[in-house]
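Asker:
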Amino acid sequence: MSKNHRGSGLRAQPAHGRGVCPICHKENIKVLYEQEIDGQKVKICKYCKAALKNKALKNKKAASPAGVSAAQPAPVAEKTSAEN
105 MSKNHRGSGL RAQPAHGRGV CPICHKENIK VLYEQEIDGQ KVKICKYCKA ALKNKALKNK
165 KAASPAGVSA AQPAPVAEKT SAEN
């Protein structure tokens, strides 16, 4: 399994991949994950990346059609007096 965001891969980056996250404004944190925000590609920390991903999943679930769900049973036809 690849480990791109630690070890020797970071030594080649300026400040070993550390800086200030533009979203949470934490200092001296690894900013390694590219994300498009407001039309610009910026590098953010892994905590902000996870928060954005979870927010997108929550919005996707809320936007899904809430019509008929699979958990609801099918309607049962009523018997008429002729069938009794």
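Quick note, my numbering runs 104 ahead of the 1-based positions in the sequence shown.
Glycine is no exception: its CB is placed at the ideal position from the N, C-alpha and C atoms.
Quantities reported herein were computed from a predicted structural model and do not represent experimental measurements.
Between Gly143 and Val135, is the Cβ-Cβ spacing less than 7 Å?
Answerer: Not a contact, by the Cβ cut-off of 7 Å.
Asker: Run through DSSP, which three-state label would Lys130 get?
Answerer: Lys130 falls in the coil class under three-state DSSP.
Asker: Count the other CB atoms, across all protein chains shown, that sit within 10 Å of the CB of Cys128; report buried if there are 16 or more and exposed otherwise.
Answerer: Its Cβ having fewer than 16 others within 10 Å, Cys128 is exposed.
Asker: Strictly by DSSP, which residues pair up with Tyr151?
Answerer: Paired residues: none, contrary to the question.
Asker: Quick check on Ile141: buried or exposed, where buried means 16 or more other Cβ atoms within 10 Å of its Cβ?
Answerer: Counting Cβ neighbours within 10 Å, Ile141 comes out exposed, since fewer than 16 surround it.
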